[in-house]
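Okay, so the sequence shown: first residue is 40 according to the numbering used here, each after it adds one.
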Amino acid sequence: MRNIWTDAPIEPFVIDCDSATPKGTIQDVAKYLGCDRLWDMGVKGQRIVIGICDSGVDKSKIPAVIGGWSSMSSSPPGTATIEHGMMCATDALGMCPEAKIYDLGITKKPTAFGKISDAIAAYEWAIEQHRRDGTPHILSNSWGIYQKSWAPGYATNPEHPFTRKAVEAIDTGIIVVFSAGNCGIKCPYDKCGSDTGPGKSIWGANGHPRVITAGAANILEEWIGCTSQGPAALDPRKPDFCAPSHFKGYFNVDDGTSAATPVCAGVIGLLKSFDLTLTHDEIKGILQKTAKDFCGNGWNANSGHGMIQAELPSIR
Numbered sequence: 040m041r042n043i044w045t046d047a048p049i050e051p052f053v054i055d056c057d058s059a060t061p062k063g064t065i066q067d068v069a070k071y072l073g074c075d076r077l078w079d080m081g082v083k084g085q086r087i088v089i090g091i092c093d094s095g096v097d098k099s100k101i102p103a104v105i106g107g108w109s110s111m112s113s114s115p116p117g118t119a120t121i122e123h124g125m126m127c128a129t130d131a132l133g134m135c136p137e138a139k140i141y142d143l144g145i146t147k148k149p150t151a152f153g154k155i156s157d158a159i160a161a162y163e164w165a166i167e168q169h170r171r172d173g174t175p176h177i178l179s180n181s182w183g184i185y186q187k188s189w190a191p192g193y194a195t196n197p198e199h200p201f202t203r204k205a206v207e208a209i210d211t212g213i214i215v216v217f218s219a220g221n222c223g224i225k226c227p228y229d230k231c232g233s234d235t236g237p238g239k240s241i242w243g244a245n246g247h248p249r250v251i252t253a254g255a256a257n258i259l260e261e262w263i264g265c266t267s268q269g270p271a272a273l274d275p276r277k278p279d280f281c282a283p284s285h286f287k288g289y290f291n292v293d294d295g296t297s298a299a300t301p302v303c304a305g306v307i308g309l310l311k312s313f314d315l316t317l318t319h320d321e322i323k324g325i326l327q328k329t330a331k332d333f334c335g336n337g338w339n340a341n342s343g344h345g346m347i348q349a350e351l352p353s354i355r
């Protein structure tokens, strides 16, 4: 006899493709991740500024906005007509309630489309601002390209000007978080076309080895099937981990990796508030180490290292 093996029970992983039904509320998400435990310690995001790189954040509804940059002179920072950015800011503050917000309106145009040149300009503003006073601490990016053909020179080239600008932001001291994208094989968004599934859904800076790349799952620990899957064009080990989505937040359902990314940014804000000296790479390592397996043991191309947790090794 060569060996004895355990005849372990197996079952299929449940996949969430229902973006119309919330799986809990934003408060449930914060409790599930352990944010409330840090709040009880007095860690609520004090001193932290999160840059929301999106369609704009209306200061009259979210007074945490303290400045920013806009791609439209007619819509300065702190104004918004498209609500996607409002969702992102709400989700970040739901985890990190005392943080402040920079509104970096890169997709403010009425079509909700921006240009990569807008993103470069916003990042240049953020980098110069950080050099002046150390803020923003975090940039949350719930945007990207759905298809390689939209920008082939950006999709697969790590030397693209914006991708280099994202790395420059990290090297300057900013923590950069990107959504994996919404072109997962099980229930991709229509805009993805044929660019879906493993190796065909995480393009450009969203999958750069240095950035933090967030996939999506719900608090029932079901992987959300629209989550873009690794390998990314620029790194075979993407996404890094998942954060919650498909919950009632700004909308009845805040969905996709667009919601997961600011949730991740909010958790990072708590960790950074706990220890301002933590760097991008250190926080990325902490989140990888403390992530909860829910889609197989160890890293995988669907969920990365698992579900993020709002905890530090020293307080585990």
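Glycine residues also receive a C-beta, built at the ideal position from the N, C-alpha and C atoms.
Locate the beta strand (DSSP E) running through residue i, then write down its first and last residues.
i       : result
Asp-142 : 139-144
Thr-252 : 251-256
Ser-109 : 104-109
Using the three-state DSSP reduction, which class does residue i fall into: helix, strand or coil?
i       : result
Thr-64  : strand
Cys-92  : strand
Val-82  : coil
Asn-180 : strand
Trp-44  : coil
Ile-263 : strand
Ile-101 : coil
Ile-224 : coil
Ala-194 : helix
Cys-334 : coil
Leu-351 : coil
Thr-316 : coil
Ile-209 : helix
Phe-152 : coil
Asp-75  : helix
Pro-200 : helix
Asp-234 : coil
Which two residues bound the contiguous alpha helix (DSSP H) that contains residue i?
i       : result
Ala-304 : 295-313
Thr-329 : 319-329
Gln-168 : 155-172
Thr-129 : 123-134
Closest to residue i by C-alpha separation, out of the options, would be which residue?
i       : options                            : result
Ile-172 : Asp-294, His-319, Arg-86           : Sequence check: residue 172 is Asp here, not Ile. Answer by Cα proximity: Arg-86.
Met-125 : Lys-323, Ala-304, Cys-265, Tyr-289 : Tyr-289
Gly-106 : Cys-222, Met-80, Gln-168, Tyr-141  : Tyr-141
Ser-99  : Gly-232, Val-82, Ala-349, Thr-118  : Thr-118
Leu-132 : Asn-180, Lys-83, Asp-157           : Lys-83
Pro-227 : Cys-56, Ile-43, Val-215, Trp-44    : Cys-56
Pro-61  : Glu-321, Ser-284, Asp-130          : Ser-284
Gly-223 : Gly-212, Thr-211, Ile-214, Lys-239 : Lys-239
Arg-203 : Ser-179, Ile-166, Lys-230          : Ile-166
Phe-333 : Cys-281, Asp-314, Gly-212          : Cys-281
Ser-114 : Glu-198, His-123, Gly-144          : Gly-144
His-169 : Ile-54, Thr-146, Ile-209           : Ile-209
Alpha carbon to alpha carbon, how far is residue j from residue i? Give it in angstroms, no decimals.
i       : j       : result
Ile-307 : Tyr-185 : 26 Å
Thr-296 : Ala-253 : 7 Å
Pro-116 : Trp-108 : 6 Å
Phe-217 : Ile-251 : 6 Å
Leu-72  : Leu-326 : 12 Å
Trp-262 : Ala-256 : 4 Å
Ser-233 : Gly-81  : 47 Å
Pro-175 : Ala-190 : 28 Å
Asp-320 : Lys-148 : 33 Å
His-344 : Ala-330 : 6 Å
Trp-182 : Gly-220 : 8 Å
Met-111 : Asn-336 : 46 Å
Asn-180 : Lys-277 : 16 Å
Asn-339 : Ala-299 : 18 Å
Ile-155 : Thr-318 : 26 Å
Asp-279 : Ala-158 : 22 Å
Could you please give me the residues that DSSP links to residue i through a beta bridge?
i       : result
Lys-287 : Thr-64
Asn-339 : Gly-343
Ala-282 : Ala-255
Ile-214 : Ile-177
Trp-189 : Answer is none; Trp-189 lacks a bridge partner.
Ile-54  : Trp-262
So, does the CB of residue i fall closer than 7 Å to a CB anywhere in chain C?
i       : result
His-176 : You won't find chain C in this structure, because it holds only one protein chain.
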